[in-house]
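In this text, residue positions in the sequence shown follow this note's numbering: the first is 69, and each later residue adds one.
In this text, a Cβ means the ideal position worked out from N, Cα and C, and glycines have one as well.
The structure appears right after this line, and notes come after that.
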Amino acid sequence: MSLHKNINKTIIDSLKSVIENKNLANRLKELSNTDSLTTLSNRRHFDEKSYSTLKQVVELRQKFSILMIDIDYFKLYNDNYGHLQGDNVIEQVAKVMKGALIKTSDLIARYGGEEFIVMLANTSEADSERAAKTLVRIVEALEIENKHSKVSPFVTISVGVAMVAPTDDLELKEVIKKADHSLYQAKSEGRNRYCLNS
């Protein structure tokens with residue numbers, strides 16, 4: 069009877085160990101896909117996920133858009149308020165933007181520094197424009213003081229939107245380049261706004 073109990077205990081302990089290792093592996097994978105400051109996806113995870121999403125929208129012939137987002141005058145903000153406060157701004161902006169995206173297929177990531185990227189799958193031009201407009205509005209509505217901004221007394225963002233109808237030879241990097249060009253246009257037109265390239 070004692071041998072039977074020992075065997076059962078060994079089996080149960082082994083199963084617990086397997087489950088704990090699997091949980092640990094899942095947690096490590098999650099951490100490797102996450103930006104530590106914002107808890108958004110990091111750029112590497114965005115690249116992985118966006119390519120699988122692109123494959124799906126091409127197969128289904130669905131339109132999608134890429135939004136490139138940059139916090140306006142962030143270097144001036146950091147220089148005058150300090151890097152800790154700058155990190156706080158990045159966190160708050162990330163949180164409010166993530167909350168504004170409501171479809172589970174929407175993908176948002178920190179792209180680097182004060183830049184973010186969003187992929188909206190199966191979306192129309194009007195919906196993409198509405199999303200960009202909402203992001204611009206809700207960030208300024210946070211009313212985070214920025215005395216050194218040239219467009220607002222508050223922290224703002226600029227958004228570049230690239231809207232595309234997928235084709236079999238579509239390259240995601242080309243869509244990102246279009247969105248980046250739109251972002252540059254939004255900045256050159258005065259910032260705290262979005263520009264759409266379709």
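The criterion of a C-beta distance shorter than 8 Å is satisfied by Ala189 and Thr121. Gly180 carries a strand assignment under DSSP once its states are collapsed to helix, strand and coil. Just so you know, the alpha carbons of Leu152 and Leu128 end up roughly 44 Å apart. Taken in chain order, the complete beta strand (DSSP E) segments of 3 residues or longer contained in the stretch 99-165 are 132-139. With a cut-off of 8 Å on Cβ pairs, the stretch 213-220 is in contact with the stretch 134-149, counting three or more such pairs. Residues of the same chain with a CB within less than 8 Å of the CB of Gly180, apart from the 5 flanking positions on each side, are Arg111 in chain order. Distance check between Glu242 and each of Ala230, Asn156, Tyr252, Leu251 places Ala230 closest, using alpha-carbon atoms only. By the neighbour-count criterion, in which a residue is buried when 16 or more other Cβ atoms sit within 10 angstroms of its Cβ, Leu135 is buried. Partner residues in the beta bridge of Ser226, as assigned by DSSP, are Asp138.
Where Leu238 is concerned, there is no enclosing beta strand (DSSP E), because DSSP gives it neither an H nor an E. Boundaries of the beta strand (DSSP E) harbouring Leu264: 262-265, taken from the DSSP string. For Ile206, the uninterrupted alpha helix (DSSP H) segment begins and ends at 193-209. Looking at the backbone, the Cα of Gly150 and that of Thr191 are separated by about 38 Å. Around the beta-carbon of Leu251, 16 or more other beta-carbon atoms lie within 10 Å, marking it buried. Residue Val223 holds the alpha-carbon nearest to the alpha-carbon of Ile158 among Val223, Ala209, Lys255. Within a 10 Å sphere around the beta-carbon of Glu193 sit fewer than 16 other beta-carbons, which makes this residue exposed.
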